[in-house]
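**Q**
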Amino acid sequence: MRKYIALLSILLILGPSLVFAQLSPADTGLEATGEPVYSTTTTSIGSWVGSHLIAPAIAIAGVIFLILMIYAGFLWMTARGEAPQIKKAQDTMIRAVIGLAIILAAYTITRFIFTAIG
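Read left to right, the sequence shown gives residues -21 to -1, 1 to 97 (mature numbering (1 follows the signal peptide of the UniProt record, and there is no 0)).
1. For Arg74, name the three-state secondary structure that DSSP assigns.
2. Would you call the stretch 31 to 43 and the stretch 78 to 93 touching, i.e. three or more CB-CB distances under 8 Å?
3. Please state if the CB of Thr71 and the CB of Leu45 are separated by a distance shorter than 8 Å.
4. Report back the beta-carbon spacing between Trp55 and Ile65 to the nearest angstrom; my notes put them in contact at under 8 Å.
5. Can Ala51 and Leu79 be called in contact, C-beta distance under 8 Å?
6. Distance check for Thr94 and Ser26, CA to CA, integer angstroms please.
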């Protein structure tokens, strides 16, 4: 037992010294820091709206869809064969899928309009 404790102590003491390695100067990426901070390209209103408003809304809709599907699955699993409870779970799943389809269709139409506008 003393051998194991001694070996563990040596490993704990000498182990961190293995990670004190230095990067070579070529791997630091300092060349990229000399570039300008602001780019000269302009973004259109469509790309700004798409990236700052629509994309997070689609992500939130996906999370809500996932929560509804988990909830409906939980309802179905705990229904114990009761027809009204199973029907409620199935309706929840169907409505969640329909809602997601409507949201994705709206996203597709919105994206088409914003790309057509420019």
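Virtual Cβ for every residue (Gly too), placed ideally from N, Cα, C.
Here the structure is a predicted model, which is why all the values come from computation and not from measurement.
**A** Reading it off the structure:
1. helix
2. yes
3. no
4. 6 Å
5. no
6. 8 Å
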